[in-house]
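Colleague:
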Amino acid sequence: METGKGIWELIHPKLKIFSWLLVRWRLLTNVHRVYRHLTMNPKCKHCPGNLSLMIHLFRDTCHLEWLLPLLGQ
Ligand SMILES: [Zn+2]
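Residue numbers (the numbering used here): 12 to 84.
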């Protein structure tokens, strides 16, 4: 049995990167993109009344319709 391999070998590289960024609160939201001058609009693309922050993406129920299929629900 090789060392250094395990369940992480079965996970898609994009999901690994996403998970790594998520647990470190480093996902690039529109608020962060405004700070870096990559966009001028800090609002959420799906619900323009809210700022695009990580807490908004994972706490507010308006994003469950696209999040649940990613989780296999
Ligand atoms: Zn939103």
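Using N, Cα and C, we set each Cβ at its ideal position, and we do this for glycine too.
Leaving aside the five residues before and after Met65 along the sequence, list all residues of the same chain whose C-beta is less than 7 Å from its C-beta, in chain order.
Modeller: Excluding sequence neighbours, Met65 sits near Trp36, Leu38 and Thr40.
Colleague: Answer yes or no: the CB of Asn61 versus the heavy atoms of ligand 1, is any distance below 7 Å?
Modeller: At least one heavy atom of ligand 1 is nearer than 7 Å to the Cβ of Asn61, so yes.
Colleague: Leu2: which of His43, His23 and Leu49 sits nearest, CA to CA?
Modeller: Nothing about residue 2 can be reported from this structure: the residues present for the chain run from 12 to 84 only.
Colleague: Suppose you measure from the CA of Leu49 to the CA of Leu26; what does that come to, to the nearest Å?
Modeller: Taking the straight line from one Cα to the other gives about 24 Å.
Colleague: Does ligand 1 have even one heavy atom less than 7 Å from the beta-carbon of His57?
Modeller: It does: the Cβ of His57 is within 7 Å (strictly closer) of some heavy atom of ligand 1.
Colleague: Report all residues from its chain with a CB closer than 7 Å to the CB of Cys58; omit the five preceding and five following residues, and keep chain order.
Modeller: Contacts found: Cys73.
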